[in-house]
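Position in the sequence shown (first residue = 1) + 20 = our numbering. Glycine included, every Cβ here is placed at the ideal spot set by N, Cα and C. The model shown is predicted, which means the values in this text are computed figures rather than measured ones. What follows is a short report on a single structure.
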Amino acid sequence: MYRLGDKLPSIRKLRRERGLSTSTVTQALAELERRGVVEARPRSGYFVRPPDTEVSKPGLERYRLRPRRVPLPHLADAFVSASADTGMVPLGGAVLSPDLLPLKLLTRAARATASKGARAFASYGPPAGAVELRRVLARRLLGLGMPVSADEIVISAGCMDAIRLALLAVTRPSDVVALESPTFFGFLQIVRDLGLYALEIPTRPEHGMDLDALERAMARHRLAAIIVTPTFQNPTGACMPTSARRRLAAIAQRHRATIVEDDVYGDLAFSAERPPPVASLGLADVVYCSSLSKTLAPGLRLGWTVPGEYLDRVRRLKLSGTITSPALDQLTAVEVLESGAYDRHLRGLRRALRHQVGAMRRALATHLPAGTEITDPEGGFLLWVKLPEGSDGHVLHERAAEHRVSVLPGTLCSVDDKFRRHLRINAGYPWSETIEAAVRVVGQLARSASRRSSG
Numbered sequence: 021m022y023r024l025g026d027k028l029p030s031i032r033k034l035r036r037e038r039g040l041s042t043s044t045v046t047q048a049l050a051e052l053e054r055r056g057v058v059e060a061r062p063r064s065g066y067f068v069r070p071p072d073t074e075v076s077k078p079g080l081e082r083y084r085l086r087p088r089r090v091p092l093p094h095l096a097d098a099f100v101s102a103s104a105d106t107g108m109v110p111l112g113g114a115v116l117s118p119d120l121l122p123l124k125l126l127t128r129a130a131r132a133t134a135s136k137g138a139r140a141f142a143s144y145g146p147p148a149g150a151v152e153l154r155r156v157l158a159r160r161l162l163g164l165g166m167p168v169s170a171d172e173i174v175i176s177a178g179c180m181d182a183i184r185l186a187l188l189a190v191t192r193p194s195d196v197v198a199l200e201s202p203t204f205f206g207f208l209q210i211v212r213d214l215g216l217y218a219l220e221i222p223t224r225p226e227h228g229m230d231l232d233a234l235e236r237a238m239a240r241h242r243l244a245a246i247i248v249t250p251t252f253q254n255p256t257g258a259c260m261p262t263s264a265r266r267r268l269a270a271i272a273q274r275h276r277a278t279i280v281e282d283d284v285y286g287d288l289a290f291s292a293e294r295p296p297p298v299a300s301l302g303l304a305d306v307v308y309c310s311s312l313s314k315t316l317a318p319g320l321r322l323g324w325t326v327p328g329e330y331l332d333r334v335r336r337l338k339l340s341g342t343i344t345s346p347a348l349d350q351l352t353a354v355e356v357l358e359s360g361a362y363d364r365h366l367r368g369l370r371r372a373l374r375h376q377v378g379a380m381r382r383a384l385a386t387h388l389p390a391g392t393e394i395t396d397p398e399g400g401f402l403l404w405v406k407l408p409e410g411s412d413g414h415v416l417h418e419r420a421a422e423h424r425v426s427v428l429p430g431t432l433c434s435v436d437d438k439f440r441r442h443l444r445i446n447a448g449y450p451w452s453e454t455i456e457a458a459v460r461v462v463g464q465l466a467r468s469a470s471r472r473s474s475g
């Protein structure tokens with residue numbers, strides 16, 4: 021009889037003790053994991069999993085569907101600066117622990133690239149990016165149902181840069197663009213910097229952007245673009261069903277709006293099946309954007325876009341901006357992506373994140389005040405938390421920082437203060453005493469504030 025938290029015997033030992041085959045034991049463990057009875061921990065084995073704490077999920081806020089100017093991002097600037105402080109426990113940033121990145125693989129690839137690619141220092145390289153990298157990406161995109169050639173891809177300095185290039189190509193100043201709400205605060209900054217209006221569309225953690233609200237908004241306003249993260253959205257972790265992706269494409273096509281698709285979390289599905297990008301459906305005008313920042317190495321700053329009909333314009337914008345992309349970084353990425361080790365890394369990363377998200381969700385449910393609502397994503401590593409009535413996520417963010425713990429206040433994820441009671445929590449770090457202590461601190465601060473507001 022095993023107790024909660026107990027480690028199960030190894031597959032070899034179970035096979036020997038029970039007189040079963042390896043495949044039978046493996047299938048049985050997989051079924052127990054699917055049912056939530058046990059959990060697999062990377063390089064540690066299987067453990068009896070505590071039952072999920074019953075906790076509700078955040079619902080919708082009230083919306084007025086009208087274009088808004090995005091205010092100056094003072095709080096966002098302060099948050100980014102604070103997140104760079106290595107002395108803070110990073111429960112706020114959307115970043116992975118270095119322990120989850122294949123740093124040894126990257127080091128070997130960088131050395132191999134430098135030893136045979138010294139001539140790369142001697143030229144700028146094509147503005148669209150190294151053809152070797154674009155060919156590798158074209159093969160991987162084909163596996164996602166996107167039959168594009170290397171010539172149809174433009175390399176960028178991460179996914180944010182790809183989104184910026186896409187919006188520069190698709191919009192003009194004072195155009196209106198739709199965004200999910202809540203959204204990634206970086207998108208709001210781009211919209212502001214380009215002189216665009218933001219029209220926030222409510223987004224449900226269960227299935228993403230509210231398409232009924234989008235249709236109502238598009239009936240009243242001419243939208244140049246729809247910025248959407250259909251797969252494990254930041255900050256809610258929402259994943260659009262395929263039927264909703266098709267409907268989104270049909271709406272955009274009907275109203276002649278371009279979809280700017282952010283697929284940076286797409287490879288982080290906990291299940292074996294990766295959701296299809298909207299761009300793969302072939303039903304609308306889509307500019308597809310992604311990067312290696314959430315799976316391989318944020319420091320490489322390598323992303324890409326498939327601009328479709330805007331290809332020539334995006335190429336010109338890239339040329340007038342960064343001219344090209346760092347050659348050795350691109351060739352290092354080629355070395356990694358062409359190795360079977362990268363896909364093995366992805367499989368291990370998905371398993372680790374599934375465990376970490378579950379552990380973080382259970383800890384938050386334990387330590388935060390009664391009435392807290394927490395999302396339950398099927399991929400990625402972000403949790404969206406709604407605190408009880410009377411709570412203030414911004415104040416909690418400031419008080420947690422005094423204890424050297426970083427959390428992201430929900431107010432950053434909207435044009436105004438819709439998400440005052442919300443936090444975005446990062447589960448991208450392996451569970452440890454440090455992480456658990458940080459969650460406990462946030463819980464104590466939140467409970468204390470909740471008692472004061474109800475007293």
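Reduced DSSP secondary structure (H/G/I, E/B, other) of residue 315: Taking the first residue of the sequence shown as position 1, residue 315 is located at position 295. Coil, per DSSP.
Validate contact between the region 199-219 and the region 353-370 using beta carbons, cut 8 Å, 3 pairs: no
Coarse secondary structure for residue 206, derived from DSSP in three states: Against the sequence shown, residue 206 aligns to sequence position 186. Three-state DSSP puts residue 206 in a helix.
Nearest-angstrom Cα separation, counted from residue 419 out to residue 29: Looking up residue 29 in the sequence shown gives position 9. Looking up residue 419 in the sequence shown gives position 399. Going by the C-alpha atoms only, they are around 43 Å apart.
Chain-order list of residues whose beta-carbon lies under 7 Å from that of residue 172 (same chain, five-residue window excluded): On the sequence shown, residue 172 is found 152 positions in, with the first residue counted as 1. The residues are 326, 331.
Host alpha helix (DSSP H) of residue 406 (start-end): Residue 406 sits at position 386 when you count from the first residue of the sequence shown. No alpha helix (DSSP H) holds residue 406; the beta strand (DSSP E) holding it covers 402-406.
4 or more residues per run - each alpha helix (DSSP H) lying fully within the region 253-304: 262-275
First through last residue of the alpha helix (DSSP H) which encompasses residue 415: Locating residue 415 in the sequence shown gives position 395, where the first residue counts as 1. Element bounds for residue 415: 413-422.
Residues near residue 144 by beta carbon distance below 7 Å, same chain, minus five either side: Taking the first residue of the sequence shown as 1, we reach residue 144 at position 124. Excluding sequence neighbours, residue 144 sits near 343, 344.
Beta-carbon proximity list for residue 87, same chain, < 8 Å, skipping 5 on both sides: Mapped onto the sequence shown, residue 87 falls at position 67. These residues qualify, in order along the chain: 196, 217, 218, 219, 241.
Span of the alpha helix (DSSP H), counted from its first residue to its last, around residue 126: As a working mapping, residue 126 is identified with position 106 in the sequence shown. Start and end: 123-136.
Distance, residue 466 Cα to residue 164 Cα: For the purposes of this step, residue 164 is taken as the residue at position 144 of the sequence shown. For the purposes of this step, residue 466 is taken as the residue at position 446 of the sequence shown. Residue 164 and residue 466: Cα-Cα distance of roughly 42 Å.
Stretch-stretch touch, CB-based, cutoff 8 Å, three pairs: the region 259-278 with the region 166-180: no
The region 285-295 in contact with the region 308-320 per 3-pair CB rule at 8 Å: yes
Paired residues, beta bridge with residue 27 - DSSP: Within the sequence shown, numbered from 1, the residue matching residue 27 stands at position 7. BP columns for residue 27 point to 67.
Which listed residue (124, 105, 97) has its alpha carbon closest to that of residue 209: Counting from 1 along the sequence shown, the entry for residue 209 is found at position 189. Of the candidates 124, 105, 97, the one whose C-alpha sits nearest the C-alpha of residue 209 is 97.
Residue(s) in a DSSP beta bridge with residue 442: Here residue 442 is taken as the residue at index 422 of the sequence shown, counted from 1. In DSSP, residue 442 forms a bridge with 406.
Own chain partners of residue 456 with C-beta closer than 7 Å, once the 5 adjacent residues on each side are dropped: The count along the sequence shown starts at 1 and reaches residue 456 at position 436. These residues qualify, in order along the chain: 383.
Residue 464 to residue 115 span [Cα, whole Å]: Start at 1 with the first residue of the sequence shown, and residue 464 comes out as number 444. Start at 1 with the first residue of the sequence shown, and residue 115 comes out as number 95. Cα to Cα, residue 464 sits roughly 24 Å from residue 115.
Three-way DSSP call (helix, strand, coil) for residue 35 in this model: If you number the sequence shown from 1, residue 35 lands on position 15. Helix at residue 35.
Cα-Cα separation between residue 213 and residue 239, rounded to whole angstroms: Counting from one through the sequence shown, the residue named residue 213 turns up at place 193. Counting from one through the sequence shown, the residue named residue 239 turns up at place 219. One C-alpha to the other measures close to 26 Å.
Beta carbon of residue 329 nearer than 8 Å to that of residue 156: Residue mapping note: residue 329 aligns to position 309 of the sequence shown, counting from 1. Residue mapping note: residue 156 aligns to position 136 of the sequence shown, counting from 1. Against a cut-off of 8 Å, the Cβ pair of residue 156 and residue 329 comes out as no contact.
For residue 444 and residue 393, the rounded distance between their alpha carbons: Working through the sequence shown from its first residue, we reach residue 393 at position 373. Working through the sequence shown from its first residue, we reach residue 444 at position 424. Between residue 393 and residue 444, the C-alpha separation is close to 12 Å.
Neighbour-count burial assignment, residue 438, 16 or more Cβ in a 10 Å radius: The residue given as residue 438 occupies position 418 in the sequence shown. With 16 or more other Cβ atoms within 10 Å, it is buried.
Boundaries of the alpha helix (DSSP H) in which residue 378 is found, first to last residue: The residue given as residue 378 occupies position 358 in the sequence shown. 360-387 is the extent of the alpha helix (DSSP H) around residue 378.
Secondary structure of residue 465, DSSP reduced to three states: Looking up residue 465 in the sequence shown gives position 445. Looking at residue 465 - three-state DSSP - the assignment turns out to be helix.
For residue 169 and residue 158, believed in contact at Cβ under 8 Å, the rounded distance: Residue numbering aside, residue 158 sits at position 138 when the sequence shown is read from its first letter. Residue numbering aside, residue 169 sits at position 149 when the sequence shown is read from its first letter. With a Cβ gap of about 6 Å, residue 158 and residue 169 count as contacting.
Strand pairing of residue 333, partner residues [DSSP]: Taking the sequence shown and counting its residues from 1, one reaches residue 333 at position 313. None, per the DSSP bridge assignment.
Helix, strand or coil at residue 178 [DSSP, three-state]: On the sequence shown, residue 178 is found 158 positions in, with the first residue counted as 1. Note: residue 178 maps to coil in three-state DSSP.
Residue 109 - DSSP class collapsed to helix/strand/coil: The residue you call residue 109 lines up with position 89 of the sequence shown. Strand, per DSSP.
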